[in-house]
Amino acid sequence: MPQQSPLDVPEGDPFGPHNLPYGVFSTAAEGRRRIGVRIGGHVLDAGAAAAALGSPYAGLLGQASLNPLLAAGRTAWRDVRRALTAWVTDPGHRPTVEPHLLPLDEVTLHLPYEVADYVDFYASEHHATNVGRMFRPDGDALTPNWKHLPIGYHGRSGTIVVSGTDVARPSGQRKAPTDPAPVFGPSVKLDIEAEVGFVVGAPSELGTPVPLGAFEDHVFGLFLLNDWSARDIQAWEYVPLGPFLGKSFATSVSAWVTPLEALDAARVAPPARDFPLLPYLDDADLDRPGGFDLRITVSINGQEVAQPPFATMYWTAAQQLAHMTVNGASLRTGDVFGSGTVSGPEVGQRGSLLELTWNGRDAIELTDGKRTFLEDGDTVTLTAWAPGPDGTRVGLGEVTGRIVGSR
Numbered sequence: 000m001p002q003q004s005p006l007d008v009p010e011g012d013p014f015g016p017h018n019l020p021y022g023v024f025s026t027a028a029e030g031r032r033r034i035g036v037r038i039g040g041h042v043l044d045a046g047a048a049a050a051a052l053g054s055p056y057a058g059l060l061g062q063a064s065l066n067p068l069l070a071a072g073r074t075a076w077r078d079v080r081r082a083l084t085a086w087v088t089d090p091g092h093r094p095t096v097e098p099h100l101l102p103l104d105e106v107t108l109h110l111p112y113e114v115a116d117y118v119d120f121y122a123s124e125h126h127a128t129n130v131g132r133m134f135r136p137d138g139d140a141l142t143p144n145w146k147h148l149p150i151g152y153h154g155r156s157g158t159i160v161v162s163g164t165d166v167a168r169p170s171g172q173r174k175a176p177t178d179p180a181p182v183f184g185p186s187v188k189l190d191i192e193a194e195v196g197f198v199v200g201a202p203s204e205l206g207t208p209v210p211l212g213a214f215e216d217h218v219f220g221l222f223l224l225n226d227w228s229a230r231d232i233q234a235w236e237y238v239p240l241g242p243f244l245g246k247s248f249a250t251s252v253s254a255w256v257t258p259l260e261a262l263d264a265a266r267v268a269p270p271a272r273d274f275p276l277l278p279y280l281d282d283a284d285l286d287r288p289g290g291f292d293l294r295i296t297v298s299i300n301g302q303e304v305a306q307p308p309f310a311t312m313y314w315t316a317a318q319q320l321a322h323m324t325v326n327g328a329s330l331r332t333g334d335v336f337g338s339g340t341v342s343g344p345e346v347g348q349r350g351s352l353l354e355l356t357w358n359g360r361d362a363i364e365l366t367d368g369k370r371t372f373l374e375d376g377d378t379v380t381l382t383a384w385a386p387g388p389d390g391t392r393v394g395l396g397e398v399t400g401r402i403v404g405s406r
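The sequence shown stops at residue 406 when you use numbering that gives the first Met the number 0, and every number in between is there.
As structure tokens, this is what we get:
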């Protein structure tokens, strides 16, 4: 019996030819970073394959970062994806393509793009309501502006790290309600936020807003994101200007970027709006819905603790992009923006320990003991999938990180 080709991906594999996410990898034998495309349990050295096939895209794919491809724009993204699909599905290309496939467990994955700016949003009504009920029990759960605009803040792009990077427990000022004065030390309320990130490809001009309908002209793809959060540091510092040291120490992202085109079958309408939206945010007349049906799973030390549903997000990524540029702020290739914590209406759908334990009141049970917040040595993993064409599933690359002691 002839040996099976790595291109013969088993039926039902979420990383089949209908997906083809992009990443950047190196090998032990060759430390040079290059663009890879995931197909099943293998990585295609995209630049080498393109060169061997005499493809006009060899230049874009033969880079050490995705940024040149991102900057090339939507037409190039579409054409490159079509070429890649042909390379991994057309039997005639196999003799040329197969030598450039490497087993996934034999490569090292890197941050696939050079991050420009980083913005994080607060787009889940369920998450925002839970937080409001916790910290404003006698007031309205949502602030008056929440359903009129996507709330966000600028994060720290330099501390975005690729999946698999250890995260050191941050230190900072904290003050419990019973403390007479603030103290300094390692966070004792270290948390996660299960999110979806988006990376900008084509830039925009300073002073020119990006309308809702231009979302797919500028955003290349999406990925899983864990916005690590030190709740005790955050609680003491955030009034009046918002999050700072409680967030800026680390944000973990997947090594794989799923192109938007791979998620056409996962498009869904966002939840119904409670108020008329201002015209620049009104998505009622768009050609297709702006939500994505992504099914996320959160695990701690290999044990599932939550399944947040991205389809429940009140604000869409297109609305977030429109809002953060409506004042004329420009986009740059490599800009990253996060959705905000993904939480659903049920307890088991909450995307943070803050919510799952109700700020430490109700510990969750793990096989190695109870948790209210993360302990040193804990490993957090986010995985997800989305509906694909013809009943398939589109897998999103996992994002994982292990907590190590404060330095």
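Using N, Cα and C, we set each Cβ at its ideal position, and we do this for glycine too.
Every value quoted in this text rests on a predicted model; they were computed, and no experiment measured them.
Would you mind working out which of the options sits nearest residue i, comparing C-alpha positions?
i: Lys246; options: Asn225, Leu110, Glu260; result: Asn225
i: Leu276; options: Pro149, Pro185, Ala328; result: Pro149
i: Thr340; options: Met312, Gly289, Ala385; result: Met312
i: Val36; options: Leu352, Pro16, Val403; result: Pro16
i: Ala28; options: Ile295, Glu105, Gly301, Asp361; result: Glu105
i: Gly301; options: Thr257, Asp44, Leu244, Arg401; result: Arg401
i: Leu355; options: Met133, Val182, Ser405; result: Met133
i: Asp190; options: Asp89, Gly290, Leu352; result: Leu352
i: Lys174; options: Thr164, Val166, Ser186; result: Ser186
i: Leu176; options: Val160, Trp314, Asp231; result: What sits at residue 176 in the sequence shown is Pro, not Leu. Comparing Cα positions, the closest option is Asp231.
i: Ser162; options: Val379, Arg406, Thr366; result: Val379
i: Pro9; options: Arg33, Gly40, Thr26; result: Gly40
i: His109; options: Ala51, Val87, Thr26; result: Thr26
i: Gly91; options: Asp284, Arg370, Leu52; result: Leu52
i: Pro270; options: Gly151, Pro344, Leu240, Phe197; result: Pro344
i: Thr257; options: Arg32, Phe197, Thr399; result: Phe197
i: Gly111; options: Val252, Tyr56, Asp284; result: Contrary to the premise, residue 111 reads as Pro rather than Gly in this sequence. Of the listed residues, the one whose Cα sits closest to Pro111 is Val252.
i: Asp314; options: Ala283, Ile299, Thr107, Glu303; result: In the sequence on display, residue 314 carries Trp and not Asp. Nearest C-alpha to Trp314: Ala283.
i: Ile299; options: Pro179, Val42, Phe183, Asp367; result: Asp367
i: Ala75; options: Ala57, Asp89, Val87; result: Ala57
i: Pro169; options: Thr107, Pro179, Phe183, Gly290; result: Phe183
i: Thr128; options: Glu364, Trp357, Arg77; result: Trp357
i: Ser342; options: Gly151, Ala115, Pro307; result: Pro307
i: Trp255; options: Val346, Thr399, Pro55; result: Thr399
i: Val304; options: Gly290, Ala310, Gly347; result: Gly347
i: His126; options: Ile363, Ala85, Glu194; result: Glu194
i: Ile38; options: Arg77, Ala85, Val335, Phe309; result: Ala85
Assuming residue i and residue j make a contact with CB atoms under 8 Å, what is their CB distance in whole Å?
i: Glu192; j: Gly359; result: At roughly 16 Å, the Cβ-Cβ gap does not stay under 8 Å, so Glu192 and Gly359 are not in contact.
i: Leu280; j: Leu221; result: About 20 Å separates the two Cβ atoms, so there is no contact after all.
i: Ala229; j: Gly157; result: With a Cβ gap of about 17 Å, Ala229 and Gly157 do not count as contacting.
i: Leu211; j: Ala383; result: Not a contact, Cβ separation roughly 24 Å.
i: Glu124; j: Ser329; result: Going by Cβ atoms, the distance from Glu124 to Ser329 rounds to 29 Å, so no, they are not a contact pair.
i: Ala316; j: Phe214; result: 7 Å
i: Pro288; j: Ala268; result: 4 Å
i: Ala48; j: Val96; result: 5 Å
i: Pro20; j: Gly337; result: So it is not a contact: roughly 18 Å between Cβ atoms.
i: Ile34; j: Leu60; result: 5 Å
i: Ala45; j: Leu83; result: 7 Å
Note down, in chain order, each residue of its chain lying with its Cβ closer than 7 Å to the Cβ of residue i, except the 5 sequence neighbours on either side.
i: Gly154; result: Tyr117, Val118, Asp119, Lys246, Ser247, Thr250
i: Pro1; result: Any reading at Pro1 is ruled out, since the residue's pLDDT is 46, under 50, leaving its predicted position unreliable.
i: Thr207; result: Gly327
i: Ser4; result: Arg93, Glu97
Pull up the DSSP beta-bridge partners for residue i, would you.
i: Lys146; result: In DSSP, Lys146 forms no bridge with anything.
i: Ser170; result: Pro185
i: Trp235; result: Answer is none; Trp235 lacks a bridge partner.
i: Glu194; result: Leu224
i: Pro462; result: Look at the range of the chain in this structure, 0 to 406, and you will see that residue 462 is not part of it.
i: Asp44; result: Gly35
i: Lys369; result: Glu364
i: Tyr117; result: Val335
Which same chain residues, not among the five before or five after residue i, have their C-beta less than 6 Å away from its C-beta?
i: Glu113; result: Ser64, Asn66, Gly333
i: Leu69; result: Gly200, Phe219, Thr332
i: Asn18; result: Ala261, Val393
i: Asp273; result: Lys146
i: Gly72; result: Ala201
i: Val403; result: Asp165, Ala167
i: Arg465; result: Any question about residue 465 goes unanswered here, given that the chain covers just 0 to 406.
i: Lys188; result: Arg230, Asp231, Phe372
i: Phe243; result: Glu236
For residue i, collect the residues of the same chain with a Cβ closer than 8 Å to its Cβ; drop the 5 residues on either side in sequence, then sort them by chain order.
i: Asp263; result: Pro388
i: Gly11; result: Thr391, Arg392
i: Pro13; result: Trp384, Gly387, Thr391, Arg392, Val393, Gly394
i: Pro278; result: none
i: Val160; result: Leu110, Val166, Ala249, Thr250, Ser251, Val252, Gly400
Given the structure, does residue i come close to the ligand NAD, in the sense that its CB is under 8 Å from one of the ligand's heavy atoms?
i: Leu52; result: The ligand NAD is absent from the structure shown, which contains no ligands of any kind.
Does any residue of chain B bring its CB to less than 9 Å from the CB of residue i?
i: Asp44; result: The chain inventory of the structure shown lacks chain B, comprising one protein chain alone.
Does the pairing of the stretch 233 to 247 with the stretch 364 to 384 give three or more beta-carbon distances under 8 Å? no
Across the stretch 284 to 298 and the stretch 94 to 103, are there enough close Cβ pairs to call them in contact, namely three or more that are closer than 8 Å? Under the three-pair Cβ rule at 8 Å, the stretch 284 to 298 does not count as touching the stretch 94 to 103.
If you pair each beta-carbon of the stretch 318 to 329 with each one of the stretch 129 to 145, do three or more pairs fall below 8 Å? no
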